[in-house]
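Peer 1: Dropping the structure in here first, questions after.
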Amino acid sequence: MAAPEKKLVRSKSGLRMVTVDDDETSPFLLMEPPWVPDNECDCCQSCRGKFDFLRRRKHHCRRCGRCFCDNCCKTKVALPRMCFIDPVRHCATCADTTKKENEFFDKHVKTLVNGGQFMLSGKDQSDIESQFLCKLSSDHRFLNFEAESDKYESIQVSNLESLQIMANSRDDEGNTLATGLALKYKNSNDVMTMVKMVVTTGANKKQAQIWIAAMQKAFKMVYEGRQTLRA
Ligand SMILES: [Zn+2]
Ligand SMILES: [Zn+2]
Numbered sequence: 002m003a004a005p006e007k008k009l010v011r012s013k014s015g016l017r018m019v020t021v022d023d024d025e026t027s028p029f030l031l032m033e034p035p036w037v038p039d040n041e042c043d044c045c046q047s048c049r050g051k052f053d054f055l056r057r058r059k060h061h062c063r064r065c066g067r068c069f070c071d072n073c074c075k076t077k078v079a080l081p082r083m084c085f086i087d088p089v090r091h092c093a094t095c096a097d098t099t100k101k102e103n104e105f106f107d108k109h110v111k112t113l114v115n116g117g118q119f120m121l122s123g124k125d126q127s128d129i130e131s132q133f134l135c136k137l138s139s140d141h142r143f144l145n146f147e148a149e150s151d152k153y154e155s156i157q158v159s160n161l162e163s164l165q166i167m168a169n170s171r172d173d174e175g176n177t178l179a180t181g182l183a184l185k186y187k188n189s190n191d192v193m194t195m196v197k198m199v200v201t202t203g204a205n206k207k208q209a210q211i212w213i214a215a216m217q218k219a220f221k222m223v224y225e226g227r228q229t230l231r232a
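Going by my numbering, the sequence shown runs without a break in its numbering and finishes at 232.
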């Protein structure tokens, strides 16, 4: 799949590299928040220090849009979910959130793209017996299923409706061990569909469980991103 075409746009927050076609945006995308208007804040929303033009000037956190003094908003962090090219100003709370998310992109998205082995079963696919390698596409928009002979239609990540972890055991430390994942989504014909992805025993078991944990985090982020699009 070719990488989507992108264009450079300037917003008040900085330069952003966005896809030309809206349909090709990442499902992890967050919209830029509206900025709290300058005339509505006379003091920093963190330290409460009064703004004055010379000593304490106003800055906006690019993630939440609230108004802070330089000291409370000076951390610059990469914010790929808003497509900024350079690191942008964050308040302390948002800096924490974004740093955790960037760890997600470094680690868990890699797991998802590398893929996990599952048996698939669904209402219409109950006779599928093959092992599928399930992978997140490199542009993060699709879950693709690869098998030697059988086929299963890709799932568009932005069409995921719910995610349910199937589990029936715990490890020595009491952590739930996933035995599978049930995904509800709208298929390409706009029909609500459910697929169960079952972890198989054997060498690929651990990788499949790690993949499920990463998918759970991914779904949470897609869901959050969707809230900002609707706002
Ligand atoms: Zn402050
Ligand atoms: Zn913030």
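Using N, Cα and C, we set each Cβ at its ideal position, and we do this for glycine too.
Since we're looking at a predicted model, the values are computed, not measured.
So, using beta-carbon positions, are Leu141 and Phe29 closer together than 8 angstroms?
Peer 2: It should be noted that the sequence gives His, not Leu, for residue 141. Yes; because the gap between Cβ atoms is below 8 angstroms, this pair is in contact.
Peer 1: Label Phe133 either buried or exposed according to how many other C-beta atoms from any shown protein chain fall within 10 Å of its C-beta, with 16 as the threshold for buried.
Peer 2: With 16 or more other Cβ atoms within 10 Å, it is buried.
Peer 1: Which one or two residues does DSSP pair with Asn145 in a beta bridge?
Peer 2: Its beta-bridge partners are Lys136.
Peer 1: Compare the beta carbon distance of Trp212 and Gly117 with 8 angstroms and say whether it is the shorter of the two.
Peer 2: For Trp212 and Gly117, yes; Cβs fall inside 8 angstroms.
Peer 1: Mind listing which residues have their beta carbon within less than 5 angstroms of any non-hydrogen atom of ligand 2? Chain order is fine.
Peer 2: Per the Cβ criterion, the list is Cys62, Arg64, Cys65, Cys92 and Cys95.
Peer 1: Which first and last residues belong to the beta strand (DSSP E) in which Glu270 is found?
Peer 2: Since the first and last residues shown for the chain are 2 and 232, residue 270 lies out of range.
Peer 1: Can you find a CB in chain C that lies within less than 8 angstroms of the CB of Val223?
Peer 2: No chain C appears in the structure shown, which is made up of a single protein chain.
Peer 1: Determine which residues share a DSSP beta bridge with Gln118 and list them.
Peer 2: Per DSSP, Leu134.
Peer 1: Have a look at the DSSP bridge pairing and note the partners of Lys51.
Peer 2: For Lys51, which the question treats as bridged, DSSP gives the partners Cys44.
Peer 1: Let me know the secondary structure DSSP gives Ile156 once reduced to three states.
Peer 2: Of the three classes helix, strand and coil, the one that applies to Ile156 here is strand, per DSSP.
Peer 1: Would you say Phe69 touches ligand 1, meaning its beta carbon is less than 7 angstroms from a heavy atom?
Peer 2: Yes, since a heavy atom of ligand 1 falls inside the 7 angstroms radius drawn around the Cβ of Phe69.
Peer 1: Going by the beta-carbon positions, is the gap between Thr20 and Glu41 smaller than 8 angstroms?
Peer 2: Cβ distance not < 8 angstroms, so Thr20 and Glu41 don't count as in contact.
Peer 1: Tell me whether Cys42, by its Cβ, gets closer than 7 angstroms to a heavy atom of ligand 1.
Peer 2: No, ligand 1 has no heavy atom inside 7 angstroms of this Cβ.
Peer 1: Among Glu154, Phe54, Glu104 and Met83, which one has its Cα closest to the Cα of Leu230?
Peer 2: Closest option to Leu230, Cα to Cα, is Met83.
Peer 1: Would you report the Cα separation of Phe85 and Lys111, rounded to the nearest angstrom?
Peer 2: If I take the Cα positions, the gap works out to 21 angstroms.
Peer 1: Could you have a look at Val223 and say whether DSSP puts it in helix, strand or coil?
Peer 2: The answer is helix: DSSP assigns Val223 an H, G or I state.
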